[in-house]
Each structure stands twice: as C-alpha cells, then as structure tokens.
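First up is the structure itself, then whatever we jot down about it.
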Amino acid sequence: MKRQRTLTACVALAAASVLVAGCGGDDEKSDKADEGKIAGTETTAPARPSPTASEAAGEKDGPDLSLPKDLKVVTDWEAPTDSEKADVLESAVGYLTALDVGIAHQDSEDPAVGHFTYPQSRAATLAKQHIENHVKDHASVTGTERLHRYEVNVVRPHSTAVVSLCVDDSQYYGKDVKTGEVHKSEPSAKDHTAYEFGMKTTGSKAPWRVWEVRAETSSAKCQ
65 MKRQRTLTAC VALAAASVLV AGCGGDDEKS DKADEGKIAG TETTAPARPS
115 PTASEAAGEK DGPDLSLPKD LKVVTDWEAP TDSEKADVLE SAVGYLTALD
165 VGIAHQDSED PAVGHFTYPQ SRAATLAKQH IENHVKDHAS VTGTERLHRY
215 EVNVVRPHST AVVSLCVDDS QYYGKDVKTG EVHKSEPSAK DHTAYEFGMK
265 TTGSKAPWRV WEVRAETSSA KCQ
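In this text, residue positions in the sequence shown follow this note's numbering: the first is 65, and each later residue adds one.
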C-alpha cells in the first residue's frame with residue numbers, strides 16, 4: 065500500500081480579499097503516493113508543455129529546486145503575460161516543488177521549503193507536517209507530477225493573491241527509502257487534485273509566498 069497524504073486547509077476566497085477560515089490538516093491512506101497539491105479552475109491559456117520547475121529555478125535567484133533524476137514536476141501551460149501574475153504562479157509552483165525537494169532530501173527544514181512558505185503560516189505548518197510524515201514512514205516519491213489549468217487572481221498588487229491549479233499524479237508514485245521499491249497503482253480519479261493557494265508578499269521587491277492551502281482530491285474539474 066502506498067501512503068497518501070493530502071495537504072488540506074480552509075481558505076475563504078473573496079473578490080476583494082483572502083479570508084482564512086480556521087481548518088486543520090488532514091492525513092489519509094490510499095493507493096497513491098502523495099496528494100498534497102492544489103486545486104485548479106479554468107484554463108487561462110491553451111495547454112502547452114513548458115520547462116520543469118527545477119529547470120526554471122536555475123535561471124533565477126532563489127533556492128535550489130533540483131530534484132532526483134527519477135522525479136519531475138512539469139507545468140503544462142503558457143505562463144501569464146502579466147509579470148506580477150507570472151511571479152505569483154511561479155511561487156505557487158515553487159511551493160509544490162519544494163515539497164518534493166524536502167521529501168527527496170528527507171528534510172522538512174530544507175531551504176526551498178522555507179523560501180516559498182510565509183513565516184508562521186498554515187502553509188508552512190502543513191508543508192513541515194507533510195514532509196515529516198514521509199520521513200517517519202521512510203517514504204519518498206518518484207515519477208512525474210503534471211501541473212495544469214491555472215488561474216491567478218491578484219487581489220491587491222504587491223500584497224495578496226490567489227492561485228488555483230490542477231495536479232495530475234497518475235504518473236507519480238511512492239518509493240521506499242530503504243529498499244528503493246516503487247509502489248505503483250492503476251490510474252484513478254484520486255490522482256487528480258485541485259489546489260487553491262493564498263499568496264502574500266511584503267512589497268514589490270519581496271518574493272511571493274504561500275500562506276494558505278486548500279486541496280480537493282478526486283476533483284472532477286481537474287480530470
């Protein structure tokens with residue numbers, strides 16, 4: 065059996081603000097490796113494969129998002145033409161990629177995780193728990209996570225934003241750290257997760273970071 069863990073949080077999203085509703089994280093067992101990704105909505109541009117998040121990270125300042133050769137995070141879209149929306153989306157992808165980096169390194173304190181999470185936020189707590197649960201189970205991940213169907217809403221410029229996106233984990237599996245055994249399963253609706261991220265930054269020069277997360281597994285709109 066694969067250990068499946070889903071990042072969950074309650075986020076109330078309004079047109080003019082991002083309101084946090086008090087909800088906690090949630091763990092569950094399943095036949096898939098890891099369902100800690102975020103919900104997506106409408107496609108803002110025709111889908112077209114783009115470089116992996118780890119490849120893009122090498123072109124800009126920021127943490128090392130290098131992943132093992134057997135693990136990839138791919139974005140199946142065209143980036144927003146608006147520079148601020150592009151930065152917001154890139155940071156949301158960075159958050160998801162940082163989770164995989166932390167799991168691969170078996171380190172919840174990996175610098176990549178801290179870079180993309182808002183300090184003392186729900187997103188930071190969930191990321192830490194998510195990685196530590198894998199470490200406790202001697203579990204890592206392998207395969208390809210495909211991110212698609214995004215929407216970015218900048219609520220307040222240089223302050224708050226919301227990102228919605230879909231994650232396809234049909235080619236993403238759990239792996240035993242000790243033996244290297246890969247736990248594969250047949251594709252199912254549980255492979256498709258819709259994420260919503262509440263994003264914050266402290267100014268025009270500061271990086272965008274995730275502070276809230278909502279995840280819906282078996283999302284019909286992501287299949």
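We put the CB at the ideal spot given by N, CA and C, even for glycine.
query                                                                            : result
8 Å Cβ cutoff met for residue 204 and residue 254                                : no
Residue-chain proximity (residue 167, chain C), Cβ-Cβ < 8 Å                      : Checking the listed chains, one finds no chain C in this structure; it contains a single protein chain.
Reference residue 176, options 187, 195, 126 and 198, closest by Cα              : 126
Host alpha helix (DSSP H) of residue 192 (start-end)                             : 186-200
Paired residues, beta bridge with residue 247 - DSSP                             : 238
Start-to-end residues for the beta strand (DSSP E) that takes in residue 222     : Segment: none, residue 222 is in no beta strand (DSSP E) and carries neither H nor E.
Inter-residue Cα distance where the pair is residue 134 and residue 206          : 6 Å
Residue 233 versus residue 225 - alpha carbon distance                           : 25 Å
Best match in 164, 148 and 260 for proximity to residue 128 [C-alpha to C-alpha] : 164
DSSP-derived helix/strand/coil call for residue 254                              : helix
Residues bridged to residue 278 (per DSSP)                                       : 260
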